[in-house]
Structures are given as C-alpha cells and as structure tokens.
Amino acid sequence: MANIPAKRAIDFRPKSVDDVKTIIVDCDLLIIGGGNAGCFVAVEAKKINPELKVVIMEKAEIMRSGACSAGMDAINTYIPNGKTPEDLVRWSRDQVGGGPLREDLALSNAKELNEAVDDLERWGLPVLREEDGSVRYRGKWDISIHGEQLKPIMAEKAIECGADVYNRIAATGLLKDGEGYCIGAMGIHVRTGDFYVFRSKATVNSTGGAGTLYKSYTADSTDSGAQIWMCPYCVGSGYAMGFRHGVELTSLEQRWVATRTKDFCGPVDTISVGYKAPIINCKDEKIMEVRYKHLGGDSAPRYIRANAPMEEWLQGRGPTYCDTRGMDKETNWRMMCDYLNERPSFVLFLAARGQDPTKEPIEIFGSDPYIMGGHTMGGFWVNLDRMTTMPGLFAAGETAGGNPNKFVGGCAAEGKIAARGAIKYMDENQISLPKDLDEEQIRIELERVYAPLFRGGDYDGIAPRAMKDRLQRLMDEYAGGSSQFYRTNEERLDYALKHIAILQDQFKYLKVADLHELMQANETMDRVDVAEAVVHHLKGRKETRWAGWQTRTDYPERDDENFDCFIETRRDPLTGKVECFTRPYVQLVPGERFKS
Amino acid sequence: MPPRVNLNKCNGCEGLPESKCEEACPGDLMAVDPRTNKAYVRFAGDCWDCMSCTKACPTKAIETRVPYQIGYHKASLKPIMGSNTITWKCVDINGKEETYKYRNRMDK
Ligand SMILES: Cc1cc2nc3c(=O)[nH]c(=O)nc-3n(C[C@H](O)[C@H](O)[C@H](O)COP(=O)(O)OP(=O)(O)OC[C@H]3O[C@@H](n4cnc5c(N)ncnc54)[C@H](O)[C@@H]3O)c2cc1C
Ligand code: SF4
Ligand code: SF4
Chain A
0 MANIPAKRAI
10 DFRPKSVDDV
20 KTIIVDCDLL
30 IIGGGNAGCF
40 VAVEAKKINP
50 ELKVVIMEKA
60 EIMRSGACSA
70 GMDAINTYIP
80 NGKTPEDLVR
90 WSRDQVGGGP
100 LREDLALSNA
110 KELNEAVDDL
120 ERWGLPVLRE
130 EDGSVRYRGK
140 WDISIHGEQL
150 KPIMAEKAIE
160 CGADVYNRIA
170 ATGLLKDGEG
180 YCIGAMGIHV
190 RTGDFYVFRS
200 KATVNSTGGA
210 GTLYKSYTAD
220 STDSGAQIWM
230 CPYCVGSGYA
240 MGFRHGVELT
250 SLEQRWVATR
260 TKDFCGPVDT
270 ISVGYKAPII
280 NCKDEKIMEV
290 RYKHLGGDSA
300 PRYIRANAPM
310 EEWLQGRGPT
320 YCDTRGMDKE
330 TNWRMMCDYL
340 NERPSFVLFL
350 AARGQDPTKE
360 PIEIFGSDPY
370 IMGGHTMGGF
380 WVNLDRMTTM
390 PGLFAAGETA
400 GGNPNKFVGG
410 CAAEGKIAAR
420 GAIKYMDENQ
430 ISLPKDLDEE
440 QIRIELERVY
450 APLFRGGDYD
460 GIAPRAMKDR
470 LQRLMDEYAG
480 GSSQFYRTNE
490 ERLDYALKHI
500 AILQDQFKYL
510 KVADLHELMQ
520 ANETMDRVDV
530 AEAVVHHLKG
540 RKETRWAGWQ
550 TRTDYPERDD
560 ENFDCFIETR
570 RDPLTGKVEC
580 FTRPYVQLVP
590 GERFKS
Chain B
0 MPPRVNLNKC
10 NGCEGLPESK
20 CEEACPGDLM
30 AVDPRTNKAY
40 VRFAGDCWDC
50 MSCTKACPTK
60 AIETRVPYQI
70 GYHKASLKPI
80 MGSNTITWKC
90 VDINGKEETY
100 KYRNRMDK
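Here it is, written out as structure tokens:
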C-alpha cells in the first residue's frame with residue numbers, strides 16, 4: 000500500500016529516446032485514472048481479493064484530481080425511500096428525452112447506487128440530514144452534502160485498501176497482446192521524464208470525460224482560458240487511447256451542455272433546483288413556465304433546460320438570470336456554503352462583481368460542450384461487466400458510455416461493477432501476465448509520445464497551445480459550439496473533418512521545451528483524435544433529438560424511424576478510416592418514453 | 000483564476016520532496032523555481048481555480064484571484080483548513096466581509 004509521491008519537477012532534456020528510462024511495473028489490475036470511479040474500482044477489487052496487486056496510474060495527484068478536485072455540494076442521484084431502481088431509470092430516460100439509452104447499464108448501476116453513496120458517508124463524507132435523521136433531498140433525486148473533502152476521502156480509502164498509486168503519470172497508450180487483448184497501458188511521468196509501462200491482466204479505463212475540445216466563450220488573451228465547467232485536465236485521453244486501437248465508441252454526439260452561471264462557469268442546479276430560484280429572461284418572464292410548460296416546465300428534460308436560456312438570447316430576450324432576489328439572508332448563506340463546497344471561486348467571483356444575490360439575480364448562460372459519459376452518453380460501448388469491445392479493457396464513470404446521469408454516486412457504483420467485471424474476466428479466462436516484453440510496441444509508443452521533446456531548440460515547430468486553440472475554435476464554429484448556439488450541419492462538419500485531418504498530419508511539428516509541455520502536446524493529440532470521433536458522431540445522427548446537446552440545422556426534426564438507436568464509431572488502426580454505424584435501442588423498463 | 004504567490008510568505012516548502020502546491024494541483028500548474036526557491040504558476044490561463052493549491056499551502060502564501068476580464072479588483076477569498084472544518088473569509092470589492100465555517104469531514 001502506497002501513495003507514491005511524484006517529486007519536484009526537474010530539468011529533463013533527453014537528446015534521444017535512448018536517454019529516456021523505461022520502467023516496467025507488473026500488476027493484476029490496472030486502473031487508469033484515480034478519480035471518483037477509479038478509487039471505487041480499487042476499493043472494490045481489494046475487497047473481493049486482498050491478494051490482488053492493484054495499481055492506479057494517475058495523471059495528477061490522487062488527493063485532488065479530476066472532476067471532484069474542488070469538492071461537491073450534492074450527490075445528484077440517491078434513490079429515496081419508496082422509489083425503485085426502475086423509477087430512477089425512468090427519470091434518467093426522461094432527462095434524455097425518452098432515449099435511446101442503455102437501460103441494461105442504467106438499471107445495474109441504479110441497483111448499486113445507494114450502497115456506493117452509503118460507503119462515502121461511512122468513510123467520512125458529511126451528508127446533510129433533516130432533524131428526524133433522514134437524508135436531506137434538495138430535489139427529487141439529489142441529496143445535499145458538505146463535499147469539500149470528497150476527493151481526499153475517496154483517495155484515502157483507495158490507498159488504505161492497499162492499492163499502489165503512481166502519481167503524475169499521464170497515460171498515453173494501451174498495451175495490447177498479439178491477439179488484441181488489452182494487457183496494460185503506458186505513459187509519461189511528468190516530473191521525472193521516465194516512461195512507464197504497466198502490464199496487467201485486466202485494465203479499467205476511468206480517465207473521466209473530455210473538456211477543452213471546444214472553445215469557451217471566456218477564453219481570450221488573459222488568464223481566463225480554462226474557465227469551464229468540466230475539469231479542464233480531463234481531456235479525453237481515455238477515449239483517444241481506445242479509439243486509436245479501434246475500440247468502439249458510442250453516442251459522442253450527445254454532448255453535455257449545461258446552463259451555467261455566466262462569465263464564470265458555476266453551478267446553476269444548486270440555485271434553481273436546490274433553492275427553487277426560477278430562471279428568467281430580461282423581461283422578468285419565468286422562461287420555463289412561459290415557454291416550456293408543454294415540455295414539463297421546470298421539470299423539462301435536461302437538454303431543454305440547458306438550451307432554454309440560449310434560445311432566449313437568440314430571440315433577443317437575453318440576458319437571462321436565475322432569480323435569487325428576495326432570498327432571505329440565512330438561505331443565501333447556505334447557498335454560499337454550497338458553492339464553497341463545489342466551486343469555491345464562484346463565491347470569489349460574486350465578490351469580484353460586488354454582487355449580493357439577494358438583491359441582484361445571478362446571470363446564466365450555456366456552457367461550452369463536453370463529452371462526458373457520466374452526464375450524457377458519450378463514451379465506450381461496454382457490456383454489463385463494463386468491458387469495452389477490446390477484451391481486457393473495462394471502462395467506468397465518465398469514460399463509459401450509453402448510460403447518462405451517473406454523476407458522483409453513479410460513477411462510484413460503476414467503479415464497483417467494473418472491478419467485479421474485471422476480476423471475473425481474469426478468473427474465468429485464467430489470464431496470466433505475458434512472459435516476454437513486447438519491446439517493439441513499447442518503443443513505437445515511446446517514440447510517438449516523446450517526439451515533441453526532441454524537436455527543441457531552433458526547430459521551427461508548433462506549440463501545443465497553438466494547436467489546442469486552433470482545434471477549439473474549429474470545433475466551436477463548425478461542430479456546434481456555444482458561439483453557434485450549438486448548431487451545426489453536414490457541410491460544417493465536413494469542413495471540421497478536413498481540418499482535423501490537417502491537424503493530425505501536423506502532429507509531426509509539435510515542439511515542446513519541458514515535461515509539462517510534453518504532457519500538453521500529448522493531450523492535444525488526444526483532443527484532436529477525440530474531436531474526430533465527435534464529428535463523425537454528429538454527422539451520423541441526421542436528425543435533431545436533443546436540441547442544444549445535438550442540433551442539426553439541416554435536420555431540425557426528430558426522426559424516430561431512422562434514429563431511435565445508438566450512433567457508434569470505430570477507427571481502423573491500420574487504415575485510419577472511421578466507420579460509423581448504429582446499434583438498436585432496447586427498452587427494458589416499461590413506461591411512456593416520449594412525454595412531449 | 001490564477002493563484003497569486005506572496006513571495007514574502009512562500010518558503011518553497013523547503014525540505015519536502017515535493018512542494019504542497021505542486022503536489023495538489025490537478026493540472027500540474029504549480030512549480031518551485033530552484034533558483035529563487037519560490038513557487039510560481041506555469042501558465043495562469045490554464046488554471047481551473049479549484050483552489051486546491053491555496054488550501055494546501057502551509058504558509059498561506061497563495062491567494063486565488065479572479066482574472067480581471069471576469070471580475071473586478073480586488074476581492075479575496077481565503078480558506079482556513081481545520082481538522083474537520085473549513086473556514087472561508089471573503090471580502091468583496093466594496094470591502095464587505097463575510098465568514099463561512101462548517102464541517103467538511105465526519106471522521107477526524
Ligand atoms: C464542477 C463540477 C461539479 C459537479 N457537481 C456534482 C454534484 O454536485 N453532484 C454530483 O453527483 N455530481 C457532480 N458532478 C459530476 C461528478 O463529479 C462526475 O460525474 C464524477 O465525479 C466523474 O467521475 P470519474 O471518475 O468518471 O472522473 P474523474 O473523477 O474526473 O476522474 C478522472 C481521473 O482520471 C485522471 N486522468 C485523466 N487523464 C488521465 C491520463 N491520461 N492518465 C492518467 N490519469 C488520467 C484524472 O486526473 C482524474 O483523477 C460535478 C462535476 C463537475 C466538473
Ligand atoms: S505550498 Fe506555499 S510555501 Fe510551499 S512552495 Fe507552494 S506557495 Fe510556497
Ligand atoms: S487553483 Fe487549482 S488549477 Fe489553479 S493552480 Fe491552484 S491547484 Fe492548480
């Protein structure tokens with residue numbers, strides 16, 4: 000059991016790949032990404048079999064990494080007394096406008112959910128309770144917590160259970176055997192410069208979602224470039240690693256776009272759900288009541304609520320607000336505590352605007368789009384054990400697709416399910432570690448990953464940041480970013496693909512000066528590859544099913560005859576050609592799907 | 000929202016194998032300059048303003064600031080970490096102060 004410290008950054012200037020040290024670590028179960036889901040994978044695996052050697056490969060430091068770095072103010076899903084897992088699946092289906100969604104996955108997750116949340120409370124997470132001792136619900140399914148320490152609490156458990164945590168190792172590629180099984184992963188230690196090769200019997204990919212594919216409207220030449228909702232250090236590397244090996248992705252076109260506070264991408268559910276503050280336009284009209292009553296008003300599906308303020312802007316009725324005026328001082332104080340638990344700097348932002356929410360409403364706007372399989376459905380296609388289409392590679396949390404509305408509790412629950420699936424796979428197939436090292440495969444990855452570092456000095460190349468900016472603007476303007484009110488069409492998507500291909504060809508010019516930049520260069524290559532998949536998914540769905548999350552101006556209507564199914568992609572590792580196809584939707588939980 | 004390092008307070012976490020801010024940052028943005036032994040942020044525009052570095056600093060040398068494009072000069076929000084509580088002190092641009100204190104852990 001060890002949390003292996005990363006050490007301070009060093010000046011590392013290798014002349015060639017021969018100067019890079021390769022370190023081999025063997026284990027039974029490898030977890031890529033020690034976030035919310037990853038910590039639960041570790042704890043569950045060790046609980047099932049304490050003898051297993053479990054290793055976590057973490058790009059940051061496990062105590063404060065990923066989506067939960069700053070903390071949380073709620074667990075968005077916890078099944079209340081009197082409700083069933085089927086009810087939760089029905090609710091989740093409503094949030095995505097009746098689906099399609101993977102009801103098999105959603106149901107298995109829902110059955111595991113409350114126990115995973117109870118684990119968190121047992122480990123020390125303060126869950127707010129009513130006077131009678133029952134948990135305090137802030138909406139229908141979400142409960143209030145004081146989650147400032149949520150990430151350290153999960154991380155400590157993962158370490159205590161006996162997993163070895165290798166911090167500051169950014170995974171770049173999967174390790175594959177001759178038959179196409181996943182047998183581990185490789186990556187860069189961003190402090191020492193060593194190249195790590197983890198060999199495992201089974202691997203869980205829990206690297207979170209993909210923020211930063213699209214330009215944020217606050218990004219400019221000042222310090223506000225990472226002013227986004229999603230953790231900007233989860234850039235989709237997990238998806239990219241699989242995509243490059245031909246692993247199947249599902250539903251990336253269902254992007255996560257949310258209504259967030261304007262200029263500072265802060266929480267809105269906290270105010271609108273937790274404190275019942277209605278969303279209004281510049282004319283003081285209650286938007287959901289006045290314009291979306293037929294779709295459910297305040298309880299309309301999530302994508303409709305996300306898109307509503309943007310529609311107001313488009314129609315000339317912006318700015319839009321969450322109306323907090325008249326809130327009493329005590330309630331406002333509690334709301335500020337919620338913010339401090341989840342997005343503390345939003346309180347600083349309000350102070351920097353000199354704003355008192357009880358007197359002035361909080362302005363809201365749409366976020367930039369993200370790919371997040373824990374919120375919407377973009378991610379790996381997995382079976383019930385959470386195994387992807389690559390044997391030996393599992394996915395959990397934001398990385399696993401098809402099953403939306405997981406959030407903290409659902410990602411935790413899915414971590415447990417993936418751990419069981421991975422152990423079952425190892426046992427049933429009697430997997431053992433390969434005797435020989437595939438030196439050729441390791442060398443190819445090392446050369447790919449470190450190449451930008453050898454193009455130092457006077458080399459006339461491209462900075463990772465420049466390529467990131469180019470990609471983000473391309474995606475924003477052509478693949479339905481916030482500047483375009485999320486809309487796109489076939490021609491714009493083709494344009495995006497053409498330029499993505501140029502960017503991929505220009506990876507060979509990326510140039511960096513140090514290890515931090517080397518990590519950024521690899522992040523940017525991952526972003527470009529994930530963007531390619533996203534654009535193919537957007538092209539594949541020739542209808543508009545979830546306006547805002549997915550809006551096609553050339554196909555403005557929902558087309559159930561052709562598209563009540565999943566859109567899938569797979570990139571051929573040899574030819575680089577992306578194949579786009581569909582999979583059928585299966586309704587398991589009875590009930591009316593399309594309420595509106 | 001970049002951290003601002005008070006160079007008079009920062010001691011570079013001398014003696015530790017890794018400085019606390021460098022350890023905490025989810026984006027690998029903090030580092031200590033070996034020449035000056037002071038912490039700096041590699042690129043402020045990449046900061047997510049999660050405040051992890053600010054919470055972790057043992058000498059309270061780090062303050063998180065809102066970029067001017069987004070919010071005005073100068074508000075402050077300072078976390079004080081207890082063993083199972085956190086206290087936040089906030090001052091807005093008009094000098095209005097507010098304190099928030101609550102329990103953030105059950106087990107310590
Ligand atoms: C600001 C914010 C507020 C939220 N509020 C709530 C809320 O109130 N309630 C709720 O229920 N949900 C909330 N959510 C959603 C919830 O936090 C996420 O759905 C969930 O925590 C994601 O878990 P995960 O394990 O999939 O990803 P993460 O926890 O993000 O974990 C991913 C991990 O992978 C690591 N990683 C990434 N790339 C690599 C790589 N290449 N190599 C190695 N490691 C890598 C990351 O550093 C990180 O540790 C919120 C999310 C955000 C961003
Ligand atoms: S944690 Fe504080 S004292 Fe330590 S190096 Fe960082 S800023 Fe300096
Ligand atoms: S506020 Fe968070 S993201 Fe920014 S430098 Fe500090 S730890 Fe890193």
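If you're matching them up, the sequences are chains A and B in order. The first sequence maps to residues 0 to 595 in numbering that gives the first Met the number 0. The second sequence maps to residues 0 to 107 in numbering that gives the first Met the number 0. Note that beta-carbon positions come from the ideal geometry of N, C-alpha and C, so glycine has one too.
Check: Cβ-based contacts, 8 Å cut-off: residues of the region 513-530 of chain A near chain B; Outcome: H515 and M518
Check: Meets three-Cβ-pair contact criterion under 8 Å: the region 93-111 of chain A and the region 40-50 of chain A; Outcome: no
Check: Beta-carbon separation (whole angstroms), I152 (chain A) vs L436 (chain A), contact threshold 8 Å; Outcome: The Cβ separation is near 38 Å, so there is no contact.
Check: Within chain B, partners of G65 (chain A) - CB distance below 8 Å; Outcome: P25
Check: Residues, ordered as in the chain, of the region 340-353 of chain A that lie near chain B by beta-carbon distance below 7 Å; Outcome: P343, S344, V346, L347, F348, A350, A351, R352 and G353
Check: Short CB-CB distance (under 8 Å) between Y39 (chain B) and chain A; Outcome: no
Check: Ranges of the beta strand (DSSP E) found wholly within the region 20-106 of chain B, counting only runs of at least 3; Outcome: 29-32, 37-40, 61-63, 75-80, 84-90 and 96-102
Check: Where G132 (chain A) falls: helix, strand or coil (DSSP); Outcome: coil
Check: Ligand 2 heavy atom lying under 7 Å from the CB of I55 (chain A); Outcome: no
Check: Interface partners of V267 (chain A) on chain B, CB under 9 Å; Outcome: Neighbours of V267 (chain A) on chain B: none; closest Cβ ~17 Å, over 9 Å.
Check: G265 (chain A): CB within 7 Å of a non-hydrogen atom of ligand 3; Outcome: no
Check: Backbone CA spacing between Y101 (chain B) and E522 (chain A) [nearest angstrom]; Outcome: 37 Å
Check: Distance between S344 (chain A) and T84 (chain B) (C-alpha atoms, nearest Å); Outcome: 18 Å
Check: Neighbour-count burial assignment, C443 (chain A), 16 or more Cβ in a 10 Å radius; Outcome: Per the sequence shown, the amino acid found at residue 443 (chain A) is Ile instead of Cys. Answer is exposed; the Cβ neighbour count stays below 16.
Check: Closer than 7 Å: I61 (chain B) CB and nearest ligand 2 heavy atom; Outcome: yes
Check: Chain A within 8 Å of G44 (chain B), Cβ atoms only; Outcome: yes
Check: Near ligand 1: G400 (chain A) beta-carbon under 7 Å from a heavy atom; Outcome: no
Check: Residues near A115 (chain A) in its chain [Cβ-Cβ closer than 7 Å; skip 5 each side]; Outcome: F39, G408, A411, A412 and K415
Check: Cβ-based contacts, 9 Å cut-off: residues of the region 175-195 of chain A near chain B; Outcome: V189 and R190
Check: Residue span of the alpha helix (DSSP H) that contains M240 (chain A), given as start and end; Outcome: S236 to R243
Check: Assigned exposure category for R34 (chain B) - 16 Cβ within 10 Å defines buried; Outcome: exposed
Check: 6 Å Cβ shell around D558 (chain A) - same chain, five flanking residues per side excluded; Outcome: E542
Check: Contacts of G70 (chain B) in chain A (Cβ-Cβ under 7 Å); Outcome: F348, A351 and R352
Check: Beta carbon of C46 (chain B) nearer than 8 Å to that of C20 (chain B); Outcome: no
Check: Whether G480 (chain A) touches K214 (chain A) by CB criterion (8 Å); Outcome: yes
Check: Y320 (chain A) - containing beta strand (DSSP E), residue span; Outcome: T319 to C321
Check: Beta-carbon neighbours of T63 (chain B), restricted to chain A and to distances below 9 Å; Outcome: P343, S344 and L347
Check: Distance CB(S18 (chain B))-CB(R7 (chain A)) smaller than 8 Å; Outcome: yes
Check: Exposed unless 16 or more other CB atoms sit within 10 angstroms - verdict on N204 (chain A); Outcome: buried
Check: Cβ neighbour criterion (16 or more within 10 Å) applied to S280 (chain A); Outcome: Residue identity differs from the one stated: residue 280 (chain A) is Asn in this sequence, not Ser. Per the 10 Å Cβ criterion, buried.
Check: Near ligand 2: M29 (chain B) beta-carbon under 7 Å from a heavy atom; Outcome: yes
Check: Residue ranges of each beta strand (DSSP E) within the region 32-104 of chain A, 3 or longer; Outcome: 53-56 and 71-74
Check: Test: D106 (chain B) CB closer than 8 Å to a CB of chain A; Outcome: yes
Check: Cβ-heavy atom distance, T58 (chain B) to ligand 2, below 7 Å; Outcome: yes
Check: Cβ-Cβ distance between A351 (chain A) and Y71 (chain B) below 8 Å; Outcome: yes
Check: Neighbouring residues, chain B, relative to G33 (chain A) (Cβ below 9 Å); Outcome: The premise fails here: G33 (chain A) is roughly 11 Å from chain B at the closest Cβ pair, so nothing lies under 9 Å.
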